[in-house]
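Residue numbers (our numbering): 45 to 326.
Encoded structure:
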């Protein structure tokens, strides 16, 4: 279902639920819903994948119950439901795990926001409740995504979550026109496809393939802010959060620039964690 929020000058499209992403990527991304269109004064800011979320992409933050599951047993993928562990190999986010059950999503639309909720519990003591609110502030060209995760099981959940942020401004080529301002302590080493100096990452070539730059650099909540700019359109987006950023990664391909900010939470049984991502478009 495609839901539109906003005004003629600033508006977003939200696909909820977002189950079609599994056709392309398998049971990887959060299926509750995602911002799949952003437009400010006629300029689009994202690809069709949009602002899509994912939990627990690799060890030591494997999905809840994965490490304990034997081959053929189920584990939880937050935002998706019950998946089957096929063998003794480590968890790989790119693997198309069999789906035992997709957890249903409850979707409610209010003025300028969409509320999505999902609950899932399996018999071996793993369970969660997950709520996500996508909110737009039209007069400020702001999108907020508010998350609430509760551990309803009997085991400790170690959650790691990020938004993939598939940005592209005006459908332009991904090239030297893009630059990223950040506050992460990344050091001096940079791959051939970008240059790094004074808290800036600048693409150094036209991107013709997929590239990924991972790092374990972290910043406290007050430093959790990045700004992606495009010189050709004069547009930018500032992404921030009210949480300490556990690590940072950058993915690029010929269609998108994707800065990824990770949050982590350790949830004892019955505990919950809330965090918010904020996007300011200009």
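Quick reminder that beta carbons are idealized off the backbone N, C-alpha and C, glycines included.
Burial state of residue 309 (16 or more Cβ within 10 Å): Stepping through the chain shown from its first residue, residue 309 is reached at position 265. Counting Cβ neighbours within 10 Å, residue 309 comes out buried, since at least 16 surround it.
Segment contact, 8 Å Cβ cut-off, at least three pairs: the stretch 266-279 with the stretch 84-91: yes
Simplified DSSP state of residue 297, which is helix, strand or coil: As a working mapping, residue 297 is identified with position 253 in the chain shown. Strand, per DSSP.
Cα-Cα separation, residue 296 to residue 303: Start at 1 with the first residue of the chain shown, and residue 296 comes out as number 252. Start at 1 with the first residue of the chain shown, and residue 303 comes out as number 259. For residue 296 and residue 303, the distance between alpha carbons rounds to 8 Å.
Proximity to residue 223 [Cα-Cα], best of 230, 208, 206, 244: One-based indexing of the chain shown puts residue 223 at position 179. Nearest C-alpha to residue 223: 244.
Chain-order list of residues whose beta-carbon lies under 6 Å from that of residue 234 (same chain, five-residue window excluded): By one-based count along the chain shown, residue 234 stands at place 190. Answer for residue 234: 240, listed in chain order.
Beta bridge counterpart(s) of residue 326 as assigned by DSSP: Stepping through the chain shown from its first residue, residue 326 is reached at position 282. Its beta-bridge partners do not exist; DSSP assigns none.
Alpha-carbon spacing of residue 135 relative to residue 320, whole angstroms: In the chain shown, residue 135 corresponds to position 91, counting from 1. In the chain shown, residue 320 corresponds to position 276, counting from 1. Approximately 27 Å, taken between the alpha carbons.
Limits of the alpha helix (DSSP H) - the one that residue 29 falls within: In the structure displayed, the chain extends from 45 to 326; residue 29 sits before or after that span and is not available.
Rounded Cβ spacing between residue 306 and residue 225 (contact assumed at less than 8 Å): Mapped onto the chain shown, residue 306 falls at position 262. Mapped onto the chain shown, residue 225 falls at position 181. Actually they are not in contact, since the Cβ atoms of residue 306 and residue 225 sit about 18 Å apart, beyond 8 Å.
Alpha-carbon spacing of residue 231 relative to residue 97, whole angstroms: Position 187 of the chain shown, counting from 1, holds the residue named residue 231. Position 53 of the chain shown, counting from 1, holds the residue named residue 97. Each residue's Cα considered, the two are about 27 Å apart.
Exposure of residue 252, with buried meaning 16 or more beta-carbon neighbours within 10 Å: Working through the chain shown from its first residue, we reach residue 252 at position 208. Classification for residue 252: exposed.
Inter-residue spacing [alpha-carbon to alpha-carbon] between residue 220 and residue 214: As a working mapping, residue 220 is identified with position 176 in the chain shown. As a working mapping, residue 214 is identified with position 170 in the chain shown. Distance between the alpha carbons of residue 220 and residue 214: 15 Å.
Nonlocal neighbours in the same chain, by C-beta distance under 6 Å from residue 147, ignoring five residues either side: Counting from one through the chain shown, the residue named residue 147 turns up at place 103. Correct list, in chain order: 125, 162, 164.
Residue 139 to residue 127 span [Cα, whole Å]: The residue labelled residue 139 in the question sits at position 95 within the chain shown. The residue labelled residue 127 in the question sits at position 83 within the chain shown. Roughly 11 Å between the two C-alpha positions.
Contact set for residue 261: own chain, Cβ-Cβ below 7 Å, skip 5 residues either direction: Here the question's residue 261 lines up with position 217 in the chain shown. Closer than 7 Å at Cβ, skipping near neighbours: 228, 229, 230, 291, 292.
Rounded straight-line distance, which links the Cα of residue 122 to that of residue 176: Counting from one through the chain shown, the residue named residue 176 turns up at place 132. Counting from one through the chain shown, the residue named residue 122 turns up at place 78. Taking the straight line from one Cα to the other gives about 12 Å.
Segments assigned beta strand (DSSP E), at least 3 residues, entirely inside the stretch 55-89: 78-84
Assigned exposure category for residue 208 - 16 Cβ within 10 Å defines buried: Locating residue 208 in the chain shown gives position 164, where the first residue counts as 1. Result: buried.
Euclidean distance between Cα positions of residue 195 and residue 172: To locate residue 195, count along the chain shown from 1; it is residue 151. To locate residue 172, count along the chain shown from 1; it is residue 128. Taking the straight line joining both Cα atoms gives about 5 Å.
In DSSP terms, what residue 207 is bridged to: In the chain shown, counting from the first residue as 1, residue 207 sits at position 163. Partner(s): 97.
Whole-number beta carbon distance between residue 182 and residue 51, since they are thought to touch under 8 Å: Position 7 of the chain shown holds residue 51. Position 138 of the chain shown holds residue 182. 5 Å between Cβ atoms; contact.
Presumed contact (8 Å Cβ cut-off) between residue 250 and residue 217, rounded CB distance: The count along the chain shown starts at 1 and reaches residue 250 at position 206. The count along the chain shown starts at 1 and reaches residue 217 at position 173. Residue 250 to residue 217, Cβ: 6 Å. Contact.
Three-state secondary structure (DSSP) of residue 312: Here residue 312 is taken as the residue at index 268 of the chain shown, counted from 1. Three-state result, residue 312: coil.
Straight-line Cα distance separating residue 53 from residue 311: By 1-based counting over the chain shown, the position of residue 311 is 267. By 1-based counting over the chain shown, the position of residue 53 is 9. C-alpha separation (whole angstroms): 41 Å.
Alpha-carbon to alpha-carbon, residue 170 and residue 63: One-based indexing of the chain shown puts residue 63 at position 19. One-based indexing of the chain shown puts residue 170 at position 126. One C-alpha to the other measures close to 23 Å.
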